[in-house]
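Notes for the one structure printed next.
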Amino acid sequence: MKLVIDNRTGYLNDYYFQTLCLLYFPGEKFKEGFESDNYAYFYLEETEKNILTARVTLGSGDKSAEGYFSGAYTPSIPMNDDFYAMNALGKAFLEAGRGLFGFGLPWGYITGLRPVKRAKYYLDRGYSAEQVIELFNRDYEVSREKSTLSVETATIQQKMLADIKPNDCGMYVSIPFCPTRCDYCSFVSYSNQKLFALIPEYLEKLMRDIRDLGEIINRLGMNLRAIYIGGGTPSILDEYQIDRLLKCINSSVAVTGDTEYTFEAGRPDTVTREKLLAVKENGVKRISINPQTTSDFVLEKIGRRHTAKQFFEAAEVAMNIGFDCINADLIAALPGDTEVTFKRSLEDVIGLGFSNITVHTLSIKNAANIRFVGDGYYDPEGDFARASVEYARNRLKQSGYAPYYLYRQKNTVGNAENTGYTLPNKENLYNVLMMEEHSTVFACGAGSITKLVSPNRDNILRHAFQKYPFEYLREEKSLGYEEARAFFDKHRKDETV
Ligand code: SF4
């Protein structure tokens, strides 16, 4: 889309303006040559310290609308200077968007992935839940429903994180292979027979990296609180490979009875009793089996090549073996889904009594097979997506579930969110440590990213492995002890590692 930015302040970069545009124009590109009827004009000026004027014009074809804000805005609690610019711009942008499209945005002008972090910021400073809902609603123009959801989630996170110490950490192990590729997926995952031939070699390299990582964690004197084996589809491995992988982890890091240990079984069509027994016998307490929907029609529409029956069979096997916690993922607003099929999917997973249910909203990325533009799957107003996630929230609440982690993505239908729900005391700590960037998470495997988080959480050092398994196999360099030690020493505080 055409974007003109006249920013006379030193605040905000062009990327911020682009991200703001995506809230009303999902899927747009800003590079030369990308054809689009849409355009945006931004003017931003600071007349006096923290007194800003913002003028925004949004247009689509021959229609356009304007938004304007000028003056001083007093945030509820002290904020940095960027906040004033975001606020002025956000208010003008929302006014223009409402004028052009006729609907507002549930998350106001928040562009970031982690709205809960902001709610927690207020709670940590002593505001009550009711006050934070008001402030969130006032400062960011977030709807009351989403403000409440953010505060409920942040309140649970506060309790979960209360005993997390600066030298506590998590560990992620990546298995980027899937039996087939789902049409909506943008994840780099190998999903054909030829590439599956790489799995044995991949596992060998992965286990070398796990041992190295274990040595780093031990030498740093860090305390491993949570392990997550994700993908892709880790259960694509056979039971012998799973057994070797888990034994390698167990002998490389200190796994105690208190360590949260999760294995993502993911695709129901890969789950067998033998695999889940190997998982359980090696100390894993939590698994995830993800139907996304229990409608066979929708599964076929999204190119997810398993059936609802396979999901129920996998669930039965898992429940018979007995895990502390089983999670199921659902996605709202999938192509072909309806109010009836979404509600039925939700009832199906609630009926199984799983401890965790995660409700995502369809988000479409460049690398996915289905597209925003052309395939007709994107409803910009996203009434169905918004109604589905609201329905899920209320229905899950009735059944005793509470939201405990939440994140947003770009290009999500209806600007809705992804929320993890839990029965009491069954939260997944890894999800919160990772999503909120609260603690260091060491990672290994293709596409994984280690994040070293400083004790005061102001600094993060990322180390990414190569995205594709074949590149990862050739990769020599991984995070070294010296580099990690230097990072923590640099950001050392009294209570550090
Ligand atoms: S199983 Fe998951 S990671 Fe694999 S292709 Fe499907 S959505 Fe993507």
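Residue numbers for the sequence shown follow the working numbering, so the first one is 8 and each next one is one higher. Backbone N, C-alpha and C define an ideal beta-carbon position, used for all residues, glycine too.
**Message:** Quick check on Asp13: does DSSP put it in helix, strand or coil?
**Reply:** Taking the first residue of the sequence shown as position 1, residue 13 is located at position 6. Annotated three-state conformation of Asp13 is strand, per DSSP.
**Request:** Consider the C-beta atom of Ser196 and the heavy atoms of the ligand SF4; say whether any pair is separated by less than 6 Å.
**Result:** Counted from its first residue, the sequence shown places residue 196 at position 189. Yes, Cβ of Ser196 sits closer than 6 Å to a heavy atom of the ligand SF4.
**Prompt:** Between Asn438 and Tyr412, what straight-line distance do the alpha-carbon atoms span, to the nearest angstrom?
**Reply:** Along the sequence shown, read from residue 1 onward, the residue named residue 438 stands at position 431. Along the sequence shown, read from residue 1 onward, the residue named residue 412 stands at position 405. Spanning the two alpha carbons is a distance of roughly 7 Å.
**Burial state of Lys127 (16 or more Cβ within 10 Å)** = Along the sequence shown, read from residue 1 onward, the residue named residue 127 stands at position 120. Looking at its Cβ environment, which holds 16 or more other Cβ atoms inside 10 Å, Lys127 is buried.
**Request:** Following the continuous beta strand (DSSP E) through Asn295, name the residue where it begins and the one where it ends.
**Result:** By one-based count along the sequence shown, residue 295 stands at place 288. One point to set straight first is that residue 295 is Ser, not Asn, in the sequence displayed. Counting along the chain, Ser295 sits inside the beta strand (DSSP E) bounded by residues 293-296.
**Prompt:** Which residues in the same chain as Gln25 place their Cβ atom closer than 6 Å to its Cβ, once the five residues preceding and following it in sequence are excluded?
**Reply:** Taking the first residue of the sequence shown as 1, we reach residue 25 at position 18. Shown here for Gln25: same chain residues with a beta carbon closer than 6 Å to its own, the five before and five after excluded, namely Phe37 in chain order.
**Residue(s) in a DSSP beta bridge with Asn363** = Translated into the one-based positions of the sequence shown, residue 363 becomes position 356. The beta-bridge partner set that DSSP reports for Asn363 consists of Asn334, Thr429.
**Asked** Would a C-beta distance cut-off of 7 Å place Leu341 and Leu359 closer than the cut-off?
**Response** Taking the first residue of the sequence shown as position 1, residue 341 is located at position 334. Taking the first residue of the sequence shown as position 1, residue 359 is located at position 352. The Cβ atoms of Leu341 and Leu359 lie no closer than 7 Å to each other.
**Request:** Starting from the N-terminal side, write out each stretch of the alpha helix (DSSP H) that is 4 residues or longer and does not extend beyond the region 123-162.
**Result:** Counting whole runs of 4 or more residues, the region 123-162 contains the alpha helix (DSSP H) stretches 136-147.
**Message:** Taking its Cβ as the centre, do 16 or more other Cβ atoms sit within 10 Å of Val286, making it buried, or is it exposed?
**Reply:** As a position in the sequence shown, residue 286 is number 279, starting the count at 1. In summary, Val286 is buried, with 16 or more beta-carbon neighbours lying within 10 Å of its beta-carbon over all protein chains present.
**Asked** Can you pull the DSSP bridge partners for His445?
**Response** Numbered from its first residue, the sequence shown carries residue 445 at position 438. His445 pairs with nothing; no bridge assigned.
**Message:** So, with DSSP's three-state summary, where would you put Lys497?
**Reply:** The residue given as residue 497 occupies position 490 in the sequence shown. It is helical.
**Asked** Where Tyr408 and Leu59 are concerned, what is the direct C-alpha to C-alpha distance, given to the nearest angstrom?
**Response** If you number the sequence shown from 1, residue 408 lands on position 401. If you number the sequence shown from 1, residue 59 lands on position 52. Take the alpha-carbon of Tyr408 and the one of Leu59: they are about 43 Å apart.
**Message:** Just to confirm the assignment, what range does the alpha helix (DSSP H) spanning Val324 have?
**Reply:** Position 317 of the sequence shown, counted from the first residue, corresponds to residue 324. For Val324, the uninterrupted alpha helix (DSSP H) segment begins and ends at 315-328.
**Request:** Please determine if the region 442-449 and the region 49-63 are in contact, where contact requires at least 3 C-beta pairs separated by less than 8 Å.
**Result:** As far as the Cβ criterion goes, the region 442-449 does not touch the region 49-63, which means the pair count is below three.
**Asked** So what does Pro410 bridge to, in DSSP terms?
**Response** Here residue 410 refers to the residue found at position 403 when the sequence shown is read from its first residue. Partner(s): Tyr428.
**Request:** Please work out which residues of its chain come closer than 6 Å, Cβ to Cβ, to Glu73, disregarding the five sequence neighbours upstream and downstream, and give them in chain order.
**Result:** Residue 73 sits at position 66 when you count from the first residue of the sequence shown. Cβ within range, chain order: Thr64, Ala103.
**Message:** Using only the alpha-carbon positions, how far apart do Ser258 and Leu220 sit?
**Reply:** Working through the sequence shown from its first residue, we reach residue 258 at position 251. Working through the sequence shown from its first residue, we reach residue 220 at position 213. Taking the straight line from one Cα to the other gives about 12 Å.
**Request:** Leaving out five residues on either side along the sequence, give the residues of the same chain with a beta carbon under 7 Å from the beta carbon of Ala92.
**Result:** Stepping through the sequence shown from its first residue, residue 92 is reached at position 85. Counting only Cβ-Cβ distances below 7 Å, and skipping sequence neighbours, we find Thr16, Tyr18, Leu19, Leu51, Leu59.
**Message:** Here's the rule: buried if 16 or more other CB atoms are within 10 angstroms of the residue's CB, otherwise exposed. What is Thr263?
**Reply:** Taking the sequence shown and counting its residues from 1, the one referred to as residue 263 is at position 256. Result: exposed.
**At least three beta-carbon pairs within less than 8 Å, the region 399-406 to the region 349-366** = Two segments are said to touch when three or more pairs of C-beta atoms, one from each, lie closer than 8 Å; by this definition the region 399-406 touches the region 349-366.
**Request:** State yes or no: is the C-beta of Arg274 nearer than 6 Å to some heavy atom of the ligand SF4?
**Result:** Here residue 274 is taken as the residue at index 267 of the sequence shown, counted from 1. Yes, the beta carbon of Arg274 sits closer than 6 Å to at least one heavy atom of the ligand SF4.
**Message:** Taking 6 Å as the cut-off, is the beta-carbon of Gly452 closer than that to any non-hydrogen atom of the ligand SF4?
**Reply:** Position 445 of the sequence shown holds residue 452. The nearest non-hydrogen atom of the ligand SF4 is 6 Å or more from the C-beta of Gly452.
**Nearest-angstrom beta carbon gap, Lys212 and Tyr479 [assumed within contact, 8 Å]** = As a first step, residue 479 is located in the sequence shown; it is residue number 472 there, counting from the start. As a first step, residue 212 is located in the sequence shown; it is residue number 205 there, counting from the start. About 7 Å separates the two Cβ atoms, so the contact holds.
**Request:** Check the C-beta distance from Val324 over to Val278 and give it rounded, since I have them as a contact under 8 Å.
**Result:** As a first step, residue 324 must be located in the sequence shown, where it is residue number 317. As a first step, residue 278 must be located in the sequence shown, where it is residue number 271. Distance from Val324 to Val278 at the Cβ level is roughly 6 Å; contact confirmed, criterion being Cβ atoms closer than 8 Å.
**Request:** For the region 195-258, list the beta strand (DSSP E) runs that are entirely contained and at least 3 residues long, ordered along the chain.
**Result:** You should have 230-238.
**Asked** Any chance the CB of Thr240 is under 6 Å from a heavy atom of the ligand SF4?
**Response** Locating residue 240 in the sequence shown gives position 233, where the first residue counts as 1. The answer is yes for Thr240.
**Prompt:** Is any heavy atom of the ligand SF4 found at a distance shorter than 6 Å from the C-beta of Arg293?
**Reply:** The residue given as residue 293 occupies position 286 in the sequence shown. Outside the cutoff, so no.
**Request:** Give me the Cα-Cα distance between Ile294 and Thr81, rounded to the nearest whole angstrom.
**Result:** Residue numbering aside, residue 294 sits at position 287 when the sequence shown is read from its first letter. Residue numbering aside, residue 81 sits at position 74 when the sequence shown is read from its first letter. Here the C-alpha atom of Ile294 lies approximately 46 Å from the C-alpha atom of Thr81.
**Asked** Is it the case that the Cβ atoms of Gly239 and Ile182 are separated by a distance below 7 Å?
**Response** Position 232 of the sequence shown, counted from the first residue, corresponds to residue 239. Position 175 of the sequence shown, counted from the first residue, corresponds to residue 182. Using a Cβ distance threshold of 7 Å, Gly239 and Ile182 count as a contacting pair.
**Residue(s) in a DSSP beta bridge with Lys70** = On the sequence shown, position 63 is the one that residue 70 refers to. Answer is Ser67, bridged to Lys70.
**Asked** Which class does Thr503 belong to by DSSP, given the choice of helix, strand or coil?
**Response** In the sequence shown, the residue the question calls residue 503 occupies position 496. For Thr503, the predicted structure reports a pLDDT of 44, less than 50, and the residue's modelled location is therefore unreliable. A value from the coordinates is still provided. In this structure, Thr503 counts as coil in the three-state DSSP scheme.
**Asked** Which residues bound the alpha helix (DSSP H) around Ala261?
**Response** The count along the sequence shown starts at 1 and reaches residue 261 at position 254. Looking at the DSSP string, Ala261 is not in any alpha helix (DSSP H), and its letter there is neither H nor E.
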